[in-house]
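The numbering of the sequence shown is this note's numbering, which starts it at 5 and goes up by one.
We put the beta carbon where it would ideally sit given N, CA and C, even for glycine.
Here the structure is a predicted model, which is why all the values come from computation and not from measurement.
Structure record follows, encoded as structure tokens.
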Amino acid sequence: MVTTHNLGFPRIGAKRELKFALESYWKGQSSREALRATGRELRARHWQEQDGLDLVPVGDFSFYDQVLDMSFLLGNLPERVQGFRGDMLDNYFRVARGRSVQRSFGYAEKAAQTAGATDVQPAVAASLSEAASKEAGGAGNAADSAFAPPVASGADADCCPPVAAGEMTKWFDTNYHYIVPEFSAGMTFRLDASRLLEQLAEAKAQGVKAKPVIIGPVTYLAIGKARDGSDRLALLDRLLPVYAELLDVLAAEGVEWVQVDEPILVTELDKAWQHAFNTAYHQLKSHRVKLLVATYFGQLQDNAYLLANLPVAGVHVDAVRGRDDVLPLVNLLPSHKVLSVGVIDGRNIWKTDLDATLDWLAPLAKKLGDRLWLAPSCSLLHVPVDLASEADEGASLDAEIRSWLAFAVQKLDELRVLARALNEGRDAVKAELDANRAALASRRRSPRVTDPAVQAVVKAVDAAIAQTSPSLRPDQRLSAHAVRAQKQAAILNLPPYPTTTIGSFPQTAEIRLARREHKAGRLDDAGYEAAMKEEIARCVHEQEALDLDVLVHGEPERNDMVEYFGEQLQGYAFSRFGWVQSYGSRCVKPPILFGDISRPQPMTVGWTTYAQSLTQRPMKGMLTGPVTMLNWSFVRDDQPRSVSCRQLALAIRDEVLDLERAGVKVIQIDEAALREGLPLRRAQWQAYLDWAVESFRITANGVQDETQIHTHMCYSEFNDIMAAIAAMDADVITIETSRSNMELLDAFEDFRYPNDIGPGVYDIHSPNIPDAAQVVSLMQKAAERIPAAHLWVNPDCGLKTRQWAEVIPALQHMVAAAKTLRQAAA
């Protein structure tokens, strides 16, 4: 009999209940106990959703991030928060976001403070005003707090001022962000298992067959950073006794199996890190619980022997991304060990081919017997909760496309079908297998998936790129950057250290409500356009008052930087409740790329040209790049990702050329997700970078020399791919550096970036407001490695999740810092 289990379940709730509870607490509008109660309710519901599995994960629920949870479990708190003596949950949020609780002002208070402001269209003003509070905390942050600065309250008011938030970066090659553990040479660790034990007690009370989930010691050290440059592996001997103590505590609670996540095993490991695995698990092997070491996101390759011979009771491998590892691992695995195979894709939303999977599993089941476990490939954190929500009234997914999909709940149903087929025979699940075959056949035959015209254009572009003359290639600029820069400077006439923002401004409750009312048909096109233009005018006015140099229109009409464009492209579909956690309370709803991509009509030209008509300053056109569109979507699995990316590049290229024809002189093409698409093994990087960089160049490089092309990247480790970023040949790149204290600049000690760069100086994911001196200090660090003539001053990301009360003073300080830098350079 095969055993079924799950590695992790989405924690945000099917209707984002956790998001709204968090934001209500952070604003000081609800109590700490109310937040904890929401957590308990969600855990109970999610365990019920996993009923019928032989083992269910416990400890995968988090109020912000599972890596930060592990840091607190291990007593690894940054020194800057160790003096706090209040509730540990508030200290937790202080590390996560720089602040625990704040007070904000709602729509009515804003209206009182901003007397004389232009109203929304009279016909819908009452509706918008009445429902604004209901919409608070919707797609972005919580309700707009007008221009009153956020005031610390609760623990922050009583205890200590805001602190620097922990550095945030991408979890391997996903769009999930974790808080980076911080290490130093003299640090110690101390067990605090209270959170995990509390959840374990709840699970027991509910009758859950619990399998606690923790991050393994080697991965924990590997994904952290030593702020003093010390050796992280030197901390292993201090870390392992805390893990041993934890295992003893769990054994005393009657736990049989513990899932220990070690995804670092799918990356290249040198001998020191390989030795660390042997050291760690030989020290932990004597404890009374059984350890299941789980890897995912890629292939084991040369680490297969290492994993197979660790002294643990079982191992889990990703049989979706690393299927070639499985059969060799079976031959390496000692006869007493369990092998868990992740056969359901935990990273995408397409239905599993159950027949093909059973054909592959049958020989394994025959050979391994009870030693075979089945699971999703990784935690289901990376997919939406329940497809059933998409059948509700008002859902946007039609029945045909919905029949092709499986969200987290449906993936566990697939797992149960596979197990039952192996344990009882396929006849026991004949109806389920017939339905699965029908859905797969429908998708293969659908004329919505393939567009011959798009495929013909891609072939023509491929042929043009093969030309030897650069002037004929669609992926080449006409002139080198040095030549372009002179032409652009003559037109734009910008000062040294030019200032700009990344694109979006706060998405207030009123904006979100107007968008929702328009989508529901309760606000007509004219009323919606008027509301959006009013907000664009506000954004332009505020930027001129701030004295920014290159402006943006603020993007009030955009729900999400990928979804907005996907909604206007052929080949995309959209869910209503397909939310996935990106970090903390920030959720995204990835579009579903199911077919060939084309652009029927312009997507941004009208909004951008309207904004430009309101100012004499340069207005940036704002687009999302093809690689980010690809990596932040659920992508079709019936053709190579590189082909889908090429189609996206050509569609967005059409938009770039239309913006240029409309007189837009600065166009930003965001590639925030370039880094996260890298394969986890360096040996495979170049193939990905070749087609990813070429796709960006196709998108950007059809313009004239005088058009300035920007790109933006955020919250990833970019130091090791700076040559590829330079090869993109954007005139200006803006990039995150504030949370990492300009760590990115280390790359410029050995690599001379040829074009202009704006190292982000303002951490927009924290409510903390930087002062001008901080910004000056960061830019001075940048100027030590990058010529000042090539530097821009900007935040590290878009401002849509912040409030105007935070944005205005932060940008005032940023502009003041730029002026100070100009005076010093004069």
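In the DSSP assignment, tryptophan 611 falls within the unbroken alpha helix (DSSP H) covering 609–617.
Relative to proline 510, the option among Ala829, Leu782, Ala25, Ile768 whose CA is nearest is Ile768.
For lysine 371 against alanine 410, the beta-carbon gap comes to about 28 Å, at or over 8 Å, which does not count as contact.
Alanine 412 and cysteine 382 have their C-alpha atoms some 11 Å from each other. Linking alanine 822 to methionine 623 through their CA atoms gives a straight-line distance of about 19 Å. Under the DSSP definition of a beta bridge, cysteine 591 partners with Gln585. Following the DSSP letters along the chain, one finds glutamine 203 inside the alpha helix (DSSP H) bounded by residues 198–209. At a cut-off of 3 residues, the continuous stretches assigned as beta strand (DSSP E) that sit fully inside the stretch 14–88 are 60–62. Between the alpha carbons of arginine 640 and valine 453 lies a distance of about 9 Å. Taking the CA atoms as reference points, aspartate 235 sits about 28 Å from asparagine 179.
Bounds of the beta strand (DSSP E) holding glycine 762 are 760–763.
Bridge partners of alanine 298 according to DSSP: Asp265, His320. Apart from sequence neighbours up to five positions away, the residues of its chain that approach serine 393 with a beta-carbon distance below 6 Å are Ala18, Phe581, ordered along the chain. Contact annotation: the stretch 22–41 touches the stretch 574–589, with at least three C-beta pairs closer than 8 Å.
Pairing alanine 425 with valine 433 gives a Cβ-Cβ distance under 9 Å. According to the DSSP assignment, threonine 632 belongs to the alpha helix (DSSP H) that extends over 630–635. Beta-bridge pairing by DSSP links phenylalanine 638 to Ile596. The beta carbon of cysteine 801 sits closer than 6 Å to those of Ile506, Cys718, Ile768, all from its chain and outside the five residues before and after it, given in chain order. Under the DSSP assignment, glycine 570 falls in the alpha helix (DSSP H) whose first and last residues are 567–570. Looking at Glu675, Arg89, Val6, the one whose alpha-carbon comes closest to that of isoleucine 737 is Glu675. For the pair isoleucine 405 and asparagine 635, the Cα-to-Cα distance works out to about 20 Å.
Within the same chain, and ignoring the five residues on either side of isoleucine 729 in sequence, the residues whose Cβ sits closer than 7 Å to its Cβ are Phe722, Ile737. Sixteen is the threshold: since fewer than 16 other Cβ atoms of the shown chains lie within 10 Å of the Cβ of glutamine 471, the residue is exposed. Residue Thr8 holds the alpha-carbon nearest to the alpha-carbon of lysine 213 among Ala284, Trp175, Thr8.
Here alanine 814 is buried. Its C-beta has 16 or more other C-beta atoms within 10 Å.
Just measuring C-alpha positions, the residue of Asp265, Glu753, Val544, Glu698 sitting nearest aspartate 553 is Val544.
Judged by DSSP secondary structure, serine 344 falls within the beta strand (DSSP E) whose first and last residues are 342–348. Nearest to methionine 626 by alpha-carbon distance, out of Arg756, Ile268, Ala704, Arg520, is Ala704.
By the Cβ neighbour-count rule, serine 35 is exposed, with fewer than 16 other Cβ atoms within 10 Å of its own. Judged by beta-carbon spacing, leucine 384 lies within the 9 Å limit of lysine 415, meaning their Cβ atoms are closer than that value. Checking the DSSP bridge columns, you'll see proline 332 has no partner listed.
Here glycine 681 carries a helix assignment [DSSP, helix/strand/coil]. Three or more Cβ pairs drawn from the stretch 184–198 and the stretch 230–245 lie within less than 8 Å of each other, which places the two stretches in contact.
By a beta-carbon distance limit of 8 Å, phenylalanine 65 does not contact glycine 79. Their separation comes to about 20 Å. Shortest Cα-Cα distance from leucine 517 to any of Arg542, Ala541, Pro560, Pro799 involves Pro560. Cβ-Cβ distances below 7 Å link proline 61 to Asn10, Leu11, Gly12, Phe13, Lys215, Val217, Gln263 in the same chain, with the five nearest sequence neighbours on each side left out; the list follows chain order.
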